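Residue numbers (the working numbering): 472 to 648.
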């Protein structure tokens, strides 16, 4: 049989006599071999492992990550009128305390249950038209970017579908010779 890589599982899951409680992070246990000694550099097959667990690490695409395109959460008042966007951490607190409900997921929008009206600043829409994609940005007067988005044009998909249609037609016409 050809050599295969091991399953992507924490090595402590197969260690007899060692249980992990839900409140205990995986990093606290670490990789352990059958003898009970800590081995963070090699697994049972002798392959080098990196020991990454994912805890305490920010992943790309987080809502507060500026490169992800979503740096703010849209907010509506009780009547549905738009207010200024807020930071994702503030939105989580409002949702956790029951002061807000989720209205839409894309773009993520919440509605406040206890607030009617409020001061809203002027927000500008910046558009960057391109050949394949169009960039959109919502910008405050002081230049702070509140929201980024890219719209991918359908031109390439339409061209591909028309090419496929043409090929099917040519195949039909040349098949009955």
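We treat Cβ as the ideally placed atom computed from N, Cα and C, and that holds for glycine.
Model, not experiment: these values are computed from the prediction.
Taking all protein chains in view, the Cβ of residue 542 is crowded by 16 or more other Cβ atoms within 10 Å, so the residue is classified as buried. Comparing C-alpha distances from residue 561 to each of 546, 627 and 613 shows the shortest one belongs to 546.
For residue 584, same chain residues with a beta-carbon under 8 Å away, outside a window of 5 residues either side, are 549, 569, 570, 571 and 572 in chain order.
Residue 563 and residue 628 have their alpha carbons spaced roughly 38 Å apart. Counting along the chain, residue 562 sits inside the alpha helix (DSSP H) bounded by residues 559–567. The secondary-structure analysis by DSSP pairs residue 597 across a beta bridge with 608.
The beta carbon of residue 551 sits closer than 8 Å to the beta carbons of 582 from its chain, once the five residues preceding and following it are set aside; these are given in chain order. Nearest in C-alpha terms to residue 580, of all of 588, 637, 615 and 553, is 553. Under a 10 Å Cβ-count criterion, residue 600 is classified as exposed, with fewer than 16 other Cβ atoms of the shown protein chains found around its own Cβ. By alpha-carbon distance to residue 604, the top candidate from 557, 625 and 578 is 625. At the C-beta level, residue 559 and residue 544 come within 8 Å of one another. Note on residue 596: under 16 other CB atoms within 10 angstroms of its CB, so exposed under the neighbour-count rule. In the DSSP annotation of this structure, residue 582 is not part of any alpha helix (DSSP H); the continuous beta strand (DSSP E) holding it starts and ends at 580–583. Taking the CA atoms as reference points, residue 577 sits about 28 Å from residue 631. Looking at the backbone, the Cα of residue 589 and that of residue 621 are separated by about 30 Å.
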